[in-house]
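Report on one structure; see the data block that follows.
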Amino acid sequence: MKNKIKTIVETAVKKAIQNGEMPSPTLAEVLIEEPKVSAHGDFSTNIAMTMASLQKMAPRKISDIIIKNIDDPGRLISRTEIAGPGFINFFITPEAWHPVLKEIHGLKDRFGASSLGQGKKVQVEFVSANPTGPLHVGHGRGAAVGDAVANILSFSGYDVQREYYINDSGRQINTLGRSVFLRVKEILGEAVSFPEECYQGDYIKDLARMALETRKADFSSLAEADQIFFCARFAAQSILDGIKADLDSFGVGFDHWYSEQGLFDQGKVDAAIQEFKENGHVYEKEGALWFNTSRYGDEKDRVIVRSNGQTTYFASDIAYHQEKFKRGFDRIIDVWGADHHGYIQRIRAAIEASGKKSEQFHVILIHLVNLVRAGVPVAMSTRSGEFDALSDVINEVGRDAARFIFLSRHYESPLDFDLELAKKKSNDNPVYYVQYVHARIESILKKEREKYSEREPAFDGKGISLLIAAEEIKLLKILSRYPEAIDHAAVHLEPHRITYFLMELSAAFHAFYNAIRVLSDDPEITSARLYLIRAVQQVIRNGLTLLGVSAPLSM
RNA sequence: GCGCCUGUAGCUCAGUUGGAUAGAGCAACGGACUUCUAAUCCGUAGGUCACACGUUCGAGUCGUGUCAGGCGUACCA
2 MKNKIKTIVE
12 TAVKKAIQNG
22 EMPSPTLAEV
32 LIEEPKVSAH
42 GDFSTNIAMT
52 MASLQKMAPR
62 KISDIIIKNI
72 DDPGRLISRT
82 EIAGPGFINF
92 FITPEAWHPV
102 LKEIHGLKDR
112 FGASSLGQGK
122 KVQVEFVSAN
132 PTGPLHVGHG
142 RGAAVGDAVA
152 NILSFSGYDV
162 QREYYINDSG
172 RQINTLGRSV
182 FLRVKEILGE
192 AVSFPEECYQ
202 GDYIKDLARM
212 ALETRKADFS
222 SLAEADQIFF
232 CARFAAQSIL
242 DGIKADLDSF
252 GVGFDHWYSE
262 QGLFDQGKVD
272 AAIQEFKENG
282 HVYEKEGALW
292 FNTSRYGDEK
302 DRVIVRSNGQ
312 TTYFASDIAY
322 HQEKFKRGFD
332 RIIDVWGADH
342 HGYIQRIRAA
352 IEASGKKSEQ
362 FHVILIHLVN
372 LVRAGVPVAM
382 STRSGEFDAL
392 SDVINEVGRD
402 AARFIFLSRH
412 YESPLDFDLE
422 LAKKKSNDNP
432 VYYVQYVHAR
442 IESILKKERE
452 KYSEREPAFD
462 GKGISLLIAA
472 EEIKLLKILS
482 RYPEAIDHAA
492 VHLEPHRITY
502 FLMELSAAFH
512 AFYNAIRVLS
522 DDPEITSARL
532 YLIRAVQQVI
542 RNGLTLLGVS
552 APLSM
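Throughout the first sequence, residue numbering follows our numbering, covering 2 to 556 in sequence.
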């Protein structure tokens with residue numbers, strides 16, 4: 002609808018210029034917006050103001066000329082007015098909103114899809130938690146956002162791949178191995194001092210028991226280094242299995258799991274370093290190898306090979322991001338915790354030094370999640386670190402509530418996750434507010450099937466035109482905005498826009514439900530309203546699906 | 001010190017690439033179920049958009065500075 006109005010205005014402007022009613026032939030971009038107050042119409046444009054200086058005419062005069070030149074063959078506009086400094090307000094006829102229903106019924110679960118991405122290959126890398134401990138709520142937020150962003154981009158015409166990068170190499174894995182190894186020795190009755198830098202959680206003791214169980218026969222006969230190595234491999238693998246299980250129960254899947262160790266095994270890290278050497282991006286200082294990131298806007302240069310000969314995490318990340326582009330992606334999206342924001346500049350530097358454009362790389366920073374219970378912060382145990390485990394939260398509040406709440410804020414806003422509120426089955430809890438619409442509609446449809454017939458409500462132009470109540474028109478207006486909401490969510494990579502859209506649509510439906518009865522003795526209006534609520538149900542389901550939340554048939 | 005993020009109603013937050021009178025939910029107060037699910041709806045009240053300048057027809061939105069909070073500033077990951 003918005004685009005139709007835009008075309009009408011553009012045509013009118015061109016016509017006015019042709020007629021010589023406006024002196025300058027230069028066109029300004031036409032911006033159509035939806036006024037906040039309904040007294041200002043369904044749409045308005047500021048075109049007269051933006052053209053005022055160009056045309057050297059008063060804005061209201063320009064508005065006057067444009068309105069005179071408007072052609073409206075589809076009879077969409079019931080009236081126009083000039084308001085304020087020169088806005089043109091458009092009031093749409095009720096009938097003009099009806100066709101959106103046919104569109105929704107025609108496209109079904111593809112309603113809102115677009116070709117925005119033109120089939121470009123995009124990779125969304127998210128979660129990527131180190132396999133050194135279980136996922137916590139912060140990872141959950143990243144998982145919900147990453148998954149939803151991937152869904153939205155895919156729905157908007159991108160060719161999307163979801164990837165999890167496994168940090169299964171380097172010091173932290175050694176530390177993990179040593180932590181488990183020490184707990185094994187404890188189990189075997191040896192007195193050990195457990196260092197501060199080792200992983201403290203109780204899950205380490207569980208892993209130690211399991212590790213010992215698997216190698217009971219010959220564990221003691223191994224050399225200490227081999228024992229640690231075994232513990233590291235065993236622990237990393239079983240933690241990773243746990244992470245996969247958690248993600249699975251959260252409904253999050255990946256197309257690809259990419260191993261950091263694999264980068265080393267295939268010589269990709271060395272190759273990247275070699276390439277940077279040849280291209281003069283690195284230099285030696287104090288025995289270490291430095292990458293000249295400050296040339297690309299970083300505050301200082303960064304080490305990629307330490308003086309002891311070991312590569313840094315940054316080195317594998319350079320190789321990894323080069324590899325992403327080599328695999329043919331046009332766009333790379335990384336979802337990180339906000340505490341890694343200092344890392345963005347140097348990765349960007351690496352990408353530019355590798356000959357790619359920094360616009361091809363985007364980082365979504367997920368801000369902190371504070372777990373609270375009825376408003377009181379949940380004390381995080383420094384000892385076990387397990388009180389904020391994602392699996393506990395999912396078990397307690399359910400997957401749908403957790404996902405919806407994670408997506409109910411902009412991800413750059415800190416989130417208070419209230420366990421009590423998430424469990425509440427009331428209007429305090431937005432997820433049920435939206436799901437309830439879907440279930441409520443299903444309940445009406447069920448009633449209709451039982452009471453009347455098995456036939457589907459058919460499209461009936463005559464019946465549709467009976468939908469003229471304010472609550473019905475309101476629903477139609479919101480429904481027609483859905484594709485635009487998806488577009489914005491895709492362009493800005495912001496799933497919460499869909500969450501808010503669904504809340505607004507749900508509010509309008511509940512208001513409609515309370516004001517207007519769907520099933521009545523009048524078959525024509527009943528059919529039209531069934532047609533309307535099925536469309537609402539479809540859009541609710543579409544939106545929830547993009548967010549990774551289920552759409553229940555009954556509640 | 002420097003960098004990034006945040007600051008909007010009592011609370012939690014939206015605010016569509018700068019638009020007209022800044023919105024929603026919760027909490028508060030007053031109403032609505034013999035009718036398709038009250039997990040709902042309707043109404044009332046609530047604001048110096050942290051602060052100050054600037055850019056322009058027009059600023060919650062853009063720029064500069066100040067204040068407050070969070071995070072980051074390793075040859076850690």
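Built from N, CA and C at the ideal position, the CB exists for glycine as well. Just so you know, these numbers come straight off a predicted model, no measurement behind them.
Report yes if the C-beta distance between N1 and A13 is below 8 Å; otherwise report no. The question about residue 1 has no answer here: the residues shown for the chain are numbered 2 through 556.
Is the segment 116 to 130 touching the segment 496 to 507, taking contact as three or more C-beta pairs under 8 Å? No, they do not touch.
Hey, out of L213, K16, K475 and Y200, whose CA is closest to G190's CA? Nearest Cα to G190 within the set L213, K16, K475 and Y200: L213.
Would G178 be called buried (16 or more neighbouring beta carbons within 10 Å of its own) or exposed? With 16 or more other CB atoms across the displayed protein chains lying within 10 angstroms of its CB, G178 is buried.
Starting from the C-beta of R530, find all residues in its chain whose C-beta is less than 6 Å away, skip the five residues before and the five after it, and write them out in chain order. Correct list, in chain order: V519.
May I have a chain-ordered list of the alpha helix (DSSP H) segments no shorter than 4 residues that lie completely inside the segment 8 to 77? Qualifying alpha helix (DSSP H) stretches, in chain order: 48 to 56 and 60 to 69.
Relative to the alpha-carbon of T27, which residue among K57, K7 and S39 has its alpha-carbon at the smallest distance? Checked all of K57, K7 and S39; the closest Cα to T27 is K57.
Please name the residue in T46, A29 and N293 whose C-alpha comes closest to that of K37. When each option's Cα is compared against that of K37, the closest is T46.
Going along the chain, which residues of its own chain have a beta-carbon closer than 7 Å to the beta-carbon of G120, five neighbours each way excluded? Result list for G120: G158 and D160, in chain order.
For G87, count neighbouring C-beta atoms within 10 Å of its own C-beta (all shown protein chains included) and say buried if the count is 16 or more, exposed if not. So G87 ends up on the buried side.
By the 10 Å Cβ neighbour count, where 16 or more other Cβ atoms means buried, how is N168 classified, buried or exposed? N168 comes out buried.
In terms of residue numbering, what span does the beta strand (DSSP E) encompassing D160 cover? Where D160 is concerned, the enclosing beta strand (DSSP E) stretches over D160 to I167.
In DSSP terms, what V364 is bridged to: According to DSSP, which records beta bridges pairwise, V364 is partnered with D335.
Residue range of the unbroken alpha helix (DSSP H) whose run includes R374: In this chain, R374 is not harboured by any alpha helix (DSSP H); it is covered by the beta strand (DSSP E) spanning V370 to R374.
For the segment 121 to 207, which segments carrying the beta strand (DSSP E) assignment without a break, of at least 3 residues, lie completely within its bounds, in sequence order? Complete beta strand (DSSP E) runs here, min 3: 122 to 126 and 160 to 167.
In terms of alpha-carbon separation, which member of V550, K103, K62 and L422 lies closest to G85? When each option's Cα is compared against that of G85, the closest is K62.
Proximity of R172 and K206 at Cβ, strictly below 8 Å: No, these two residues do not count as a Cβ contact at 8 Å.
Give me the residue from I541, M504 and K452 with the minimum Cα distance to S521. That would be K452, whose Cα lies nearest to the Cα of S521.
Three-way DSSP call (helix, strand, coil) for H580 in this model: With the chain represented from 2 up to 556, any question about residue 580 goes unanswered, as that position is not in the structure.
Measuring straight from C-alpha to C-alpha, what distance separates F255 and L136? Each residue's CA atom was taken as its position, placing F255 and L136 some 16 Å apart.
Just curious, the alpha helix (DSSP H) that K325 is in, first and last residue? It spans Y314 to K327 - the alpha helix (DSSP H) in which K325 sits, taken as one unbroken run.
Whose C-beta lies closer than 7 Å to the C-beta of G118 among residues of the same chain, with five residues either side of it excluded? L154, S157, G158 and Y159, listed in sequence order.
If you draw a straight line from the C-alpha of R374 to the C-alpha of E421, how long is it? Distance from the CA of R374 to the CA of E421, rounded to the nearest whole angstrom, comes to 6 Å.
Verify whether the separation of the beta carbon atoms of Y314 and A350 is less than 8 Å. Going by C-beta atoms, Y314 is not nearer than 8 Å to A350.
So the alpha helix (DSSP H) I469 belongs to, where does it begin and stop? Neither: I469 is in no alpha helix (DSSP H) and is coded neither H nor E.
C-alpha distance - T383 paired with A490, whole-angstrom precision: Note that T383 scores a pLDDT of 43, beneath 50, so its modelled location is shaky and nothing firm can be said.
Buried or exposed: H493, going by 16 or more other Cβ atoms within 10 Å of its Cβ? Classification of H493: exposed, given that the 10 Å Cβ count is below 16.
CA-CA distance, Q162 and T8? CA-to-CA, the gap between Q162 and T8 works out to about 36 Å.
Three-way DSSP call (helix, strand, coil) for I6 in this model: In the structure shown, I6 sits in a helix (DSSP, three-state: H, G or I).
So D227 is in the alpha helix (DSSP H); what residue range does that whole segment cover? D227: member of the alpha helix (DSSP H) spanning E225 to S250, first to last residue.
Taking buried to mean at least 16 other C-beta atoms within 10 Å of its own C-beta, is I188 buried or exposed? I188 comes out exposed.
How would you call L372, buried or exposed, if buried means at least 16 neighbouring beta carbons within 10 angstroms? Around the CB of L372, 16 or more other CB atoms lie within 10 Å, so the residue is classed as buried.
Could you compute how far the alpha carbon of S170 sits from the alpha carbon of D318? Each residue's CA atom was taken as its position, placing S170 and D318 some 12 Å apart.
Going by DSSP, name the residue or residues bridged to H257. In DSSP, H257 forms a bridge with E164.
Residue nearest to P95 in terms of C-alpha spacing, selected from V10, E505, A471 and M23: Taking only the C-alpha atoms, the option nearest P95 is A471.
Contacts around T546, its chain only, beta-carbon distance under 8 Å, and the 5 residues preceding and following it disregarded: For T546, where only same-chain residues beyond five positions count, the Cβ hits under 8 Å are D110, N152 and A552.
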